[in-house]
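Count along the sequence shown from 1, then add 3; that gives the number in the numbering used here.
The C-beta atom is built at its ideal place from N, Cα and C for all residues, glycine as well.
These notes are about the structure you will find just below.
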Amino acid sequence: MYNLLKGKKGIIFGALDSKSIAWHVAERCHEEGAEFTLSNTPVALRLGTLNELADKCGAEIIPADATSVEELENVFKRTMEKFGGKIDFVLHAIGMSMNIRKGRTYDNIDYGFYQKSLDISAWSFHKVLQVAYKLDAIKEWGSIVALSYIAGQRIFYKYCDMADAKALLESIARSFGYIYGRDRKVRINTISQSPVLTTAGSGVEGIDKLFDYADKTSPLGNATADDCANYCVAMFSDLTKRVTMQNLYNDGGFSSMGMSEQAMEVYSKGIDIQ
Ligand SMILES: NC(=O)c1ccc[n+]([C@@H]2O[C@H](COP(=O)([O-])OP(=O)(O)OC[C@H]3O[C@@H](n4cnc5c(N)ncnc54)[C@H](O)[C@@H]3O)[C@@H](O)[C@H]2O)c1
């Protein structure tokens, strides 16, 4: 432990159970001396095990559907009330696609579901930022991070409308990052994380194969939820004060790879068999 977040206060959105990336981030932030509130939907609070995390970290839970501006305002107001003023960091770890859940393909999308995917997985980030900005809730040099995936830039079979949501999420980080940096010296970044077998991750059909492919393709192997938590701690700390408006890959090198030696061998064998 480095006490990197000693005295810092924040909000962590999106921890459902111990597999959640946000859960690991919360544990690491707690270890590094931060205090924070936790937020998730009322349904998630019933189905998940967030109370356990709250007890462990001494954190208050503030329920909110992140698509509701009013409920987000409550999360920020209550958090500021609790900590007696502005806060230092926010994690947005929220994503959901009904099109993926229902096994719909990108060429047979349900537009009601599509709108929901974008609202939950991307616009909710804009809402978090706009609420924070209007309430002037974040201290100078504060840090806001949202979790993304490389399907925002490249094609990953079965990722469907979540690819569009991630592209939008990353764009929102840049667009708001300019305004928030210019006006209040607050930084906004996305971390593009390797596949992790969480509840949201497991919704993508064939995630086990994608996980294995990414792991074997990445020279350092897949980044785990704990690796992501460490990166978030670094991004919330004062050591990264002038990093903003970036999509930061935490993926063991995957995003820079084309064809690996191992993949070439496997592919050649496949051709021989045919
Ligand atoms: N698991 C992966 O492979 C992977 C890879 C890269 C990025 N990510 C991203 O990480 C983030 C966290 O996902 P995870 O993999 O830890 O899965 P998870 O299922 O544990 O977390 C997703 C969270 O979103 C919450 N959520 C859904 N709808 C919501 C709403 N309307 N309001 C508030 N919260 C809502 C869920 O309750 C849940 O806690 C997501 O943005 C996801 O896309 C995941």
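Residue-chain proximity (residue i, chain B), Cβ-Cβ < 7 Å
i	result
Lys219	Absent here is chain B; the protein component of the structure consists of one chain.
Cutoff 8 Å; reference residue i; Cβ partners in own chain excluding five residues on either side
i	result
Gly224	Asp218 and Gly255
Leu242	Leu7
Counted within 10 angstroms of its Cβ, other Cβ atoms place residue i as buried (16 or more) or exposed
i	result
Ile158	exposed
Gln277	Model confidence at Gln277 stands at a pLDDT of 49, short of 50, so the residue's coordinates are unreliable; what they give is reported in the following sentence. Exposed, by the Cβ-count rule.
Asn54	exposed
Gly155	buried
Asp186	exposed
Lys12	buried
Asn6	exposed
Met267	exposed
C-alpha gap between residue i and residue j, whole angstroms
i	j	result
Ile14	Ile64	10 Å
Cys231	Met248	18 Å
Ser263	Lys169	26 Å
Ile153	Asn192	14 Å
Ser42	Phe257	31 Å
Ser271	Arg177	41 Å
Sequence-distant residues of its chain with Cβ nearer than 7 Å to residue i (five each side left out)
i	result
Lys119	Met101
Pro198	Gly204, Ile210, Leu213, Phe214, Ala217 and Asn225
Ala228	Ile24, His27 and Val199
Close-in-space but distant-in-sequence residues of the same chain around residue i (CB under 6 Å, 5 per side omitted)
i	result
Asp175	Sequence check: residue 175 is Ile here, not Asp. So the list reads Phe128 and His129, once near-sequence residues are dropped.
Bridge partner(s) assigned by DSSP for residue i
i	result
Lys12	Glu38
Ala149	His95 and Thr193
Asn250	Thr193
Ile175	Partner(s): none; Ile175 has no beta bridge.
Ligand 2 heavy atom lying under 6 Å from the CB of residue i
i	result
Thr52	Although ligand 2 was asked about, the structure shown includes only ligand 1 as ligands.
Just checking, does the segment 163-182 make contact with the segment 93-109 on the three C-beta pairs under 8 Å criterion?
Taking 8 Å as the limit for Cβ pairs, the verdict is that the segment 93-109 does touch the segment 163-182.
Segment contact flag, the segment 109-123 with the segment 75-83, C-beta cutoff 8 Å, min 3 pairs
no
With contact counted as at least three CB pairs below 8 Å, one residue from each stretch, are the segment 79-88 and the segment 28-35 in contact?
Under the three-pair Cβ rule at 8 Å, the segment 79-88 does not count as touching the segment 28-35.
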